[in-house]
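For the sequence shown, position 90 matches number 80 in the numbering used here, and the numbering has no gaps at all.
Working notes, structure below.
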Amino acid sequence: METDSATMAAHYRLPLFLRLSAKVLNIVSKSLTTKFLWNIFSGPIKFKPHDRELGFYEKATMSMINTSSNRNIAIYRIPNDGRKILLVHGWNGRSGQFSTLIDRLSKEGFDITAIDLPGHGKSDSGQTSLPQITDVLTEIAEKLGPFDVLIAHSFGGVAGLNSIRLGANYHKDCLNFIGSLRNPTNV
């Protein structure tokens, strides 16, 4: 499949107001520009949930866990008698984006736990980083696990692998990582 390079460039281009703001600020102060861009790239953007996700939020029981890094993390549970699954979304994501998969797994009897990463979804807002997210996943696995299966998307997969390296225990060592798709409607 050939990709139109102009379409790809437009897809990954920063919005005009951000590009202009950074250019103007850079004339004034390179240090302020660095701080400005750091705040943009280390603070996830929270998007409004799609209608297709609303059933998940109605079905799941939500609770908040305060972590050792003093972040309140949203935890969603759909308990069942089957194997325990932990679902971890990617950067700028939220648990509801797994709603179709969660619905299928729940109908199959799996015990579902999904989390909104720090700075994402209904978890505390603010900046976050890979080390902080890794620590949160390690702590969640310790408090709520062990899990039989880890299903993670994109950035959540990287954090999940790091959490395993730091001692998070997944009983069956069954790991599923979902890569990013630019246009999933064409799959």
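Cβ atoms here follow ideal geometry from the backbone N, Cα and C, with glycine treated the same way.
If you're wondering where the values come from, they're calculated on a predicted model, not measured in any experiment.
request  = Write down the C-beta distance between Met54 and Ile63 rounded to the nearest angstrom, noting that I regard them as a contact closer than 8 Å.
outcome  = The residue given as residue 54 occupies position 64 in the sequence shown. The residue given as residue 63 occupies position 73 in the sequence shown. Their Cβ separation, rounded to whole angstroms, is 7 Å, which keeps Met54 and Ile63 in contact under 8 Å.
query = Short check: CB of Lys95 to CB of Thr124, under 8 Å?
reply = As a working note, residue 95 is residue 105 in the sequence shown. As a working note, residue 124 is residue 134 in the sequence shown. The amino acid occupying residue 95 in the given sequence is Leu; Lys does not appear at that position. No, they are not a contact pair.
message = In this structure, how does DSSP classify Val177 when only helix, strand and coil are distinguished?
response = As a working mapping, residue 177 is identified with position 187 in the sequence shown. The predicted position of Val177 is uncertain, since its pLDDT is 37 and thus under 50; a value taken from the coordinates is nonetheless stated next. Reduced to three states, the DSSP call for Val177 is coil.
query = What number of angstroms, rounded off, separates the C-alpha of Leu15 from the C-alpha of Ser119?
reply = Sequence index remark: in the sequence shown, residue 15 carries index 25 (1-based). Sequence index remark: in the sequence shown, residue 119 carries index 129 (1-based). Here the alpha carbon of Leu15 sits roughly 25 Å from the alpha carbon of Ser119.
task = List the whole-angstrom C-beta distance separating Ile130 from Ile105, where the pair is believed to meet the contact cut-off of C-beta under 8 Å.
result = Along the sequence shown, read from residue 1 onward, the residue named residue 130 stands at position 140. Along the sequence shown, read from residue 1 onward, the residue named residue 105 stands at position 115. Their Cβ separation, rounded to whole angstroms, is 6 Å, which keeps Ile130 and Ile105 in contact under 8 Å.
inquiry  = Any beta carbon from chain D within less than 8 Å of Leu156's own beta carbon?
reply    = Although the question refers to chain D, the structure presented lacks it and comprises just one protein chain.
message = What would DSSP say about Thr118, mapped onto helix, strand or coil?
response = Position 128 of the sequence shown, counted from the first residue, corresponds to residue 118. Coil.
ask   = Going straight from the alpha carbon of Val139 to that of Leu76, what length do you get?
value = Your numbering for residue 139 matches position 149 in the sequence shown. Your numbering for residue 76 matches position 86 in the sequence shown. Going by the C-alpha atoms only, they are around 6 Å apart.
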